[in-house]
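These notes are about the structure you will find just below.
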Ligand code: MG
């Protein structure tokens with residue numbers, strides 16, 4: 004069921020999105036060689052709690068999962084696509100790329116955001132992967148207009164990415180968000196124009212392209228959470244929570 008948010012809920016989601024963006028950018032500033040992925044998670048939890056909010060992913064148990072997610076922040080390094088579990092043993096090094104995905108619960112309502120950051124100086128190919136993935140997200144946002152469809156968003160992202168030859172992850176997708184962290188509809192990062200659910204004002208959705216330098220295929224680690232590329236090549240992930248309005252898309256996860 005697709006939930007249309009009330010004006011009161013939208014105000015709370017705007018504030019939550021602003022807080023989430025502020026926090027995620029602070030965490031990004033901590034990314035450096037020698038920092039562990041657990042350090043970033045600990046910092047995320049601290050910043051969220053200081054604001055009086057709750058981390059949405061901590062102890063969240065997706066359908067079919069054997070154990071709840073044990074952290075606030077998903078930290079996915081290099082060939083890890085999404086849902087990497089932070090560890091004090093996983094130390095970032097120069098040249099890595101690190102995807103940071105964070106959900107925030109503010110006054111009972113959820114927003115969701117991700118970005119991928121370079122660790123120190125990275126290769127030109129890694130820098131390009133980050134740039135194109137962020138631009139692919141924007142290509143999706145641009146088309147998130149009332150009257151368009153979920154398929155239009157997927158088509159826009161897919162057409163933007165195709166000339167670059169990257170693999171678009173198909174088994175994971177964007178989603179509705181707000182009253183829970185994952186709501187209807189699913190929003191794949193590929194699709195056909197004019198198909199699928201129609202976008203209407205008051206819908207709140209998370210768009211999140213995941214692009215692989217090589218194959219689109221991914222595998223799931225034994226931990227039940229970490230997705231990684233099947234060919235070991237790097238992957239990048241960017242995400243915003245968006246409100247559909249009569250005047251075009253509004254990015255809620257912005258400072
Ligand atoms: Mg998400």
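In my numbering, the protein residues as written are 4 to 258.
Virtual Cβ for every residue (Gly too), placed ideally from N, Cα, C.
Nothing here was measured: the structure is a model prediction, and the numbers come from that model.
- prompt: Does the separation of the CB atoms of residue 102 and residue 214 fall below 8 Å?
  reply: no
- Query: Would you call the segment 74 to 88 and the segment 162 to 171 in contact, with 3 or more CB pairs under 8 Å?
  - Reply: no
>> Under 7 Å: does the beta carbon of residue 187 sit that close to some heavy atom of the ligand MG?
In response: no
Given residue 76 as reference, the closest of 16, 227, 246, 40 once Cα atoms are compared: 40
(Q) DSSP three-state label for residue 41, please. (A) helix
Note to self: Looking at residue 88: is its Cβ nearer than 8 Å to the Cβ of residue 239?
What the structure shows: no
query = Which first and last residues belong to the beta strand (DSSP E) in which residue 268 is found?
reply = Any answer about residue 268 is impossible in this case: the structure gives the chain only from 4 up to 258.
Rounded straight-line distance, which links the Cα of residue 105 to that of residue 177 = Approximately 14 Å between the Cα atoms of the pair.
Worksheet item: Secondary structure at residue 107, three-state DSSP: helix, strand or coil?
Response: Residue 107 falls in the strand class under three-state DSSP.
*Jot down the residue ranges of each uninterrupted beta strand (DSSP E) in the segment 106 to 168, minimum 3 residues, whole runs only, in chain order.*
As far as the segment 106 to 168 is concerned, its whole beta strand (DSSP E) runs of at least 3 residues are 112 to 121.
Comparing the CB of residue 243 with every heavy atom of the ligand MG, is any distance shorter than 7 Å? no
- Consult DSSP for residue 217 and reduce its assignment to one of helix, strand or coil. coil
Is any heavy atom in the ligand MG found nearer than 7 Å to the beta carbon of residue 178? The nearest non-hydrogen atom of the ligand MG is less than 7 Å from the C-beta of residue 178.
For residue 201: DSSP bridge partner residues: 152
Beta-carbon proximity check, residue 227 vs residue 68, cutoff 8 Å = yes
Exercise. Considering only the beta carbon of each residue, do residue 12 and residue 179 sit closer than 8 Å?
Worked result: no
With distances taken between CB atoms, is the gap from residue 174 to residue 221 smaller than 8 Å? yes
Take the Cβ of residue 64 as the centre, count every other Cβ of all protein chains shown within 10 Å, and call the residue buried at 16 or more, exposed below. exposed
**Report entry** Those runs of the alpha helix (DSSP H) which lie wholly inside the segment 15 to 78 and span at least 4 residues
**Finding:** 40 to 53
* For residue 255, does the count of other Cβ atoms within 10 angstroms reach 16, so buried, or fall short, so exposed? -> buried
Span of the beta strand (DSSP E) around residue 248:
243 to 248
Quick check on this structure: which residue in 145, 132, 108 has the alpha carbon closest to the alpha carbon of residue 118? Residue 118 has its Cα closest to that of 132, out of 145, 132, 108.
*Rounded to a whole number of angstroms, what is the C-alpha to C-alpha distance between residue 114 and residue 127?*
32 Å
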